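Residue numbers (our numbering), protein chains in the order written: chain A, 54 to 172; chain B, 130 to 404.
Ideal Cβ positions, reconstructed from N, Cα and C, are used throughout, including at glycine.
Source: prediction; values computed, not measured.
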């Protein structure tokens, strides 16, 4: 069970970027914390610290209104064009730490332009 | 202001007040325009609001606001980036991975020019302040830009300006000495300078020849030349020629084949020798 390792990573990330609890940046770090915890879930069965930490993270998610933390991709009605290369075997219950979507636009390359200037 | 739509239409519009440029499932951009000179229907942009919408793992919502003399290099919540951290970035300072996150702001010139990149949308948005007004440019994948184009509602970048809001630039450029176009001030051709420190200072709109000479110094072509001349003839403010130049430069930098889409025309619309 690597719950302590996840906690250390979270603390380091929070300190390094100096984010405030409740900010969007905090939600990002919290999401990674959550992913790390989930990745170690199997080996943490019956581990009190693990379950306490999971509960704590869930509470922070709620308190900070981090709606997208751990949420399904494409929620909110937005098409998931940019998630096409998300790993096929992604499992929300036991993802790997680095099992995040690439978040790079994968659609057709044809680009267009709009401009607004002058009087 | 002058509008280049996603379909490549060039228009000059009145559009006083707040108007949406883009409004789809991913992105909302709106502008506020104010009259440039008393008595004229021509306006210029004083505020730009950009919302990169959330709703996925890749896109926490981010709002950006720029106003005259306030072009910040951060979103309204103070952040400069958004989205999941790249794998293995835990414990690293944010400067080490900011360029890898989906949404970020890049300050190109402090207080004057920023670029907003939304990598998950393949989008680049440019906000500038030139003179006393703001300019906007966007590069988007066509399927993102035109998403929801068929639904009700205004999106100037998608649908262009309503017919009632359009100004015929050709009439203005050719109309010198042949009556007054509605975009021209009603009381002669003396206007308040937008760059003067004295609020009461009045300047004269440039003549056609003077405007052409100045706009040519910026190597403007096709509609960018026309828009430059229109602005100088209606306001006399030379900073608008710089705005047109920046807009043309953004056009060339954002679209790989932009040069092929413009006519190599250094005479204004309809002028003799335009061929």
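Nearest to residue 131 of chain B by alpha carbon, out of B:394, B:171, B:288? Measuring from the Cα of residue 131 of chain B, the nearest candidate turns out to be B:171.
Considering Cα atoms alone, identify which of B:289, B:377, B:357 is closest to residue 302 of chain B. If we check each option's Cα against that of residue 302 of chain B, B:357 comes out closest.
In the DSSP assignment, find the alpha helix (DSSP H) that holds residue 202 of chain B and state where it starts and stops. Per DSSP, residue 202 of chain B belongs to no alpha helix (DSSP H) and is neither H nor E.
How about residue 155 of chain B and residue 255 of chain B: do their beta carbons lie closer than 8 Å? Result no, Cβ atoms of residue 155 of chain B and residue 255 of chain B do not sit closer than 8 Å.
Counting only C-beta atoms, is residue 76 of chain A closer than 8 Å to chain B at any point? Closer than 8 Å: yes.
Restricting to runs no shorter than 3 residues, where is the beta strand (DSSP E) found entirely within the stretch 258-285 of chain B? Complete beta strand (DSSP E) runs here, min 3: 262-270.
Cα-Cα separation between residue 163 of chain B and residue 146 of chain B, rounded to whole angstroms: If you take the alpha carbons of residue 163 of chain B and residue 146 of chain B, they lie about 6 Å apart.
Chain-ordered neighbours of residue 381 of chain B on chain A, where CB pairs are closer than 8 Å: Within chain A, no residue has its beta carbon less than 8 Å from that of residue 381 of chain B; the closest one is some 10 Å off.
Could you name the residues of the stretch 181-195 of chain B whose beta carbon sits closer than 9 Å to any beta carbon of chain A, in the order they occur along the chain? Against chain A - using a Cβ distance shorter than 9 Å - the residues of the stretch 181-195 of chain B are 182, 183, 184, 185, 186, 187, 188, 189, 190, 191.
So if I threshold CB-CB distances at 7 Å, which residues from the stretch 352-367 of chain B count as touching chain A? If the cut-off is 7 Å between Cβ atoms, the stretch 352-367 of chain B has 356, 360, 363, 364 near chain A.
Run of the alpha helix (DSSP H) containing residue 378 of chain B, from where it starts to where it stops: 368-383 is the extent of the alpha helix (DSSP H) around residue 378 of chain B.
8 Å Cβ shell around residue 389 of chain B - same chain, five flanking residues per side excluded: Same-chain partners within the cutoff: there are none.
Counting only beta-carbon atoms, is residue 271 of chain B nearer than 8 Å to chain A? So yes, residue 271 of chain B belongs to the interface.
Within 10 angstroms of the Cβ of residue 294 of chain B, are there 16 or more other Cβ atoms? Answer buried if so, exposed if not. Classified as buried, residue 294 of chain B has 16 or more neighbouring CB atoms from the shown chains inside 10 Å of its CB.
Endpoints, the alpha helix (DSSP H) within which residue 114 of chain A is located: Counting along the chain, the alpha helix (DSSP H) containing residue 114 of chain A begins and ends at 101-116.
Would you kindly check if the distance between the Cβ of residue 197 of chain B and the Cβ of residue 257 of chain B is under 8 Å? Going by C-beta atoms, residue 257 of chain B is not nearer than 8 Å to residue 197 of chain B.
What do you get for residue 141 of chain B, buried or exposed, if any count of 16 or more other CB atoms within 10 angstroms of its CB means buried? With 16 or more Cβ atoms within 10 Å of its Cβ, residue 141 of chain B is classed as buried.
Quick check on the DSSP output: the beta strand (DSSP E) that includes residue 233 of chain B runs from which residue to which? In the DSSP annotation of this structure, the continuous segment of the beta strand (DSSP E) that includes residue 233 of chain B starts and ends at 232-238.
Could you pull the DSSP bridge partners for residue 169 of chain A from this structure? Beta-bridge pairing links residue 169 of chain A to B:132, B:265.
Contact defined as beta carbons within less than 8 Å: I believe residue 79 of chain A pairs with residue 72 of chain A. What is the distance between those atoms, to the nearest angstrom? The beta-carbon separation of residue 79 of chain A and residue 72 of chain A, rounded to 5 Å, stays under the 8 Å limit for a contact.
Determine the DSSP secondary structure at residue 152 of chain B, reduced to helix, strand or coil. Secondary structure at residue 152 of chain B: strand, using DSSP grouped into helix, strand and coil.
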